[in-house]
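Protein sequence lines, in the order shown, are assigned to chains A and B. Okay, so the first sequence: first residue is 42 according to the numbering used here, each after it adds one. Okay, so the second sequence: first residue is 42 according to the numbering used here, each after it adds one. Worksheet: one structure, shown below.
Protein chains: 2
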Amino acid sequence: MAKSRNTEQKIFDAATELFLEKGVDRTSVREIASRAGINLALMNYYFRSKENLFDAIFTALMKKNSEELIRILNSDLELNEKIRQYVHVYIDMLSENPLLVSFVMSILHRSRERITEMKAINSLYATDQFTRQIIEEGKKGNIRRTDPTHFFVDMLSLIAFPFAIKMLVMDKNNITEKEFQGFILERKERVPEILIDNLRPRR
Amino acid sequence: MAKSRNTEQKIFDAATELFLEKGVDRTSVREIASRAGINLALMNYYFRSKENLFDAIFTALMKKNSEELIRILNSDLELNEKIRQYVHVYIDMLSENPLLVSFVMSILHRSRERITEMKAINSLYATDQFTRQIIEEGKKGNIRRTDPTHFFVDMLSLIAFPFAIKMLVMDKNNITEKEFQGFILERKERVPEILIDNLRPRR
DNA sequence: TTTTGTTTTAAACAGCGTTTAAATTCATTA
DNA sequence: TAATGAATTTAAACGCTGTTTAAAACAAAA
């Protein structure tokens with residue numbers, strides 16, 4: 042019994058690694074069991090199926106990585122500062138988990154039809170608080186009136202997409218992993234600048 | 042013999058549909074054969090393996106969809122107009138092929154290690170012509186001096202990423218497929234505006 | 001000691017990608 | 001017309017996959 046929690050965790054960790062590295066569909070349950078150093082049948086004992094294990098992992102990953110982001114979106118920070126913090130924290134988080142974007146993208150495609158029921162995925166998106174803030178700042182004239190949906194999609198795109206095309210960027214610019222990290226670091230300043238610039242009132 | 046080209050094409054078309062819809066790994070060769078209305082063994086007769094068939098399809102998709110984009114990048118158009126045209130054509134192309142982004146993303150992840158040899162993928166990226174144009178316009182003071190790599194990554198992100206998170210956007214904003222198409226249409230004006238705005242000289 | 005939860009062993013199922021061998025259809029060409 | 005050779009089918013096999021099952025072994029708690 043003492044080992045139970047431990048074993049479950051070992052399966053969970055091994056599967057998480059493999060799912061992120063190779064993708065869910067290219068990872069076999071026998072490979073997970075082997076990396077976790079446990080028996081194949083134990084996978085079925087703890088998680089009923091591979092798909093079940095995947096759901097558990099996906100939910101945990103989303104929860105773990107989105108809590109701080111949501112806290113920032115819902116905070117009382119002034120808009121520009123909120124954007125800066127959000128981008129910083131998001132990019133830092135993805136830098137530590139560079140495979141996360143591809144993983145989530147593949148899930149969004151793989152599970153297109155059951156996205157509505159996958160509650161964990163909601164944490165990727167804007168909160169009502171933040172949406173309201175954008176609209177109200179627009180009304181006050183502090184920023185240009187902006188469609189919050191477009192603005193949030195812009196922000197997500199500029200933050201996340203570069204990680205999805207990492208290998209393309211490295212290959213075409215002939216740079217190393219380290220240099221790509223530097224490139225991403227630069228984006229922590231650049232992206233908020235683009236976003237805030239675009240919000241500035243015209244005329 | 043008369044049917045040969047036809048049959049090869051039927052396999053190719055069926056596989057393309059399925060790869061885009063379900064992803065390569067979730068599509069079985071038996072399913073392809075069934076949809077193409079041909080025999081399983083014929084798959085091996087025309088394409089030696091599933092991976093081979095995939096390579097052929099991927100190369101063809103990239104070529105078909107990138108030729109016009111590259112032509113625009115290499116044209117003599119004035120920079121702002123070039124950006125506008127590029128974004129327009131790109132978004133139109135993805136609108137007609139909304140699954141293409143997810144497909145390419147999955148390939149970038151799936152085949153991380155052999156990206157360098159996948160020449161077709163190069164067509165997704167900036168050309169030297171365009172890179173030079175950005176640098177020179179910066180020197181002339183027509184635009185703000187800008188890192189072309191960042192600029193191109195920004196542009197690709199704002200164009201492509203929304204398609205990758207389509208289901209998320211639809212779900213969270215509670216909109217239909219048609220309304221999402223409208224949302225994308227708005228981006229044809231919005232994205233060039235953001236990009237060109239950011240290039241404007243400061244002070 | 002009995003009970004309970006954990007772990008293993010072993011095997012089976014249908015489906016997968018792949019490959020093979022042989023038989024067959026069929027249009028063209030000799 | 002008959003022979004040639006490419007196109008297509010049928011049928012089967014290989015090892016691998018996800019999944020499930022049954023039975024046994026083990027450890028610790030009751």
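A virtual CB, placed ideally from N, CA and C, is assigned to each residue, including glycine.
Using a Cβ-Cβ cutoff of less than 6 Å, which residues in the same chain neighbour residue i once the five nearest sequence positions on both sides are dropped?
i                      : result
residue 103 of chain A : 161, 164
residue 229 of chain A : 129, 132
When the cut-off is 8 Å and only beta carbons count, does residue i lie next to chain A?
i                      : result
residue 56 of chain B  : no
residue 146 of chain B : yes
residue 208 of chain B : yes
residue 190 of chain B : yes
residue 166 of chain B : yes
residue 138 of chain B : no
residue 156 of chain B : yes
residue 104 of chain B : no
residue 224 of chain B : yes
residue 6 of chain B   : In the structure displayed, chain B extends from 42 to 244; residue 6 of chain B sits before or after that span and is not available.
residue 133 of chain B : no
residue 69 of chain B  : no
residue 173 of chain B : no
residue 194 of chain B : yes
residue 179 of chain B : no
Which value, in whole angstroms, describes the spacing of the CA atoms of residue i and residue j?
i                      : j                      : result
residue 53 of chain A  : residue 150 of chain A : 23 Å
residue 92 of chain B  : residue 105 of chain B : 20 Å
residue 208 of chain B : residue 141 of chain B : 14 Å
residue 116 of chain B : residue 205 of chain B : 29 Å
residue 70 of chain B  : residue 157 of chain B : 27 Å
residue 65 of chain A  : residue 76 of chain B  : 25 Å
residue 81 of chain B  : residue 62 of chain B  : 20 Å
residue 127 of chain B : residue 118 of chain B : 11 Å
residue 232 of chain A : residue 195 of chain A : 10 Å
residue 214 of chain A : residue 221 of chain A : 9 Å
residue 203 of chain B : residue 210 of chain B : 8 Å
residue 218 of chain B : residue 137 of chain A : 34 Å
residue 124 of chain A : residue 99 of chain A  : 26 Å
residue 58 of chain A  : residue 90 of chain A  : 17 Å
residue 182 of chain B : residue 243 of chain B : 10 Å
residue 155 of chain B : residue 173 of chain B : 28 Å
residue 112 of chain A : residue 122 of chain A : 14 Å
residue 226 of chain B : residue 86 of chain A  : 50 Å
residue 234 of chain A : residue 169 of chain B : 26 Å
Under 8 Å between the Cβ atoms of residue i and residue j?
i                      : j                      : result
residue 175 of chain A : residue 192 of chain A : yes
residue 60 of chain A  : residue 144 of chain A : yes
residue 114 of chain A : residue 167 of chain A : yes
residue 56 of chain B  : residue 79 of chain B  : no
residue 135 of chain A : residue 201 of chain A : yes
residue 241 of chain B : residue 153 of chain B : no
residue 178 of chain B : residue 120 of chain B : yes
residue 198 of chain B : residue 198 of chain A : yes
residue 190 of chain B : residue 224 of chain A : yes
residue 88 of chain B  : residue 101 of chain B : no
residue 239 of chain A : residue 188 of chain B : no
Can you confirm whether residue i, when its beta carbon is compared against all beta carbons of chain B, has any partner nearer than 8 Å?
i                      : result
residue 245 of chain A : Residue 245 of chain A lies beyond the residue range present for chain A, which begins at 42 and ends at 244; the question has no answer from this structure.
residue 204 of chain A : no
residue 153 of chain A : yes
residue 227 of chain A : yes
residue 185 of chain A : no
residue 213 of chain A : yes
residue 201 of chain A : yes
residue 90 of chain A  : no
residue 124 of chain A : no
residue 80 of chain A  : no
Which residues in the same chain as residue i place their Cβ atom closer than 8 Å to its Cβ, once the five residues preceding and following it in sequence are excluded?
i                      : result
residue 83 of chain B  : 48, 52, 74
residue 147 of chain A : 64, 65
residue 180 of chain B : 186
residue 139 of chain A : 204, 207
residue 212 of chain A : none
Ordered along the chain, which non-local residues of its own chain (more than five positions away) have a Cβ less than 7 Å from that of residue i?
i                      : result
residue 159 of chain A : 152
residue 50 of chain B  : none
**OP:** Output the residue ranges of the alpha helix (DSSP H) runs that lie fully inside the segment 91-124 of chain B and measure 4 residues or longer, sorted by chain position.
**Re:** Secondary structure in the segment 91-124 of chain B: the alpha helix (DSSP H) runs of 4 residues or longer, each lying completely within the stretch, are 91-114 in chain order.
**OP:** Can you check the segment 148-234 of chain A for any beta strand (DSSP E) of at least 3 residues that lies completely inside it and give the ranges in chain order?
**Re:** List check, beta strand (DSSP E) in window: nothing returned.
Subject >> alpha helix (DSSP H) runs contained entirely in the segment 54-96 of chain A, provided each spans 4 or more residues >> reply: List check, alpha helix (DSSP H) in window: 70-77, 81-87.
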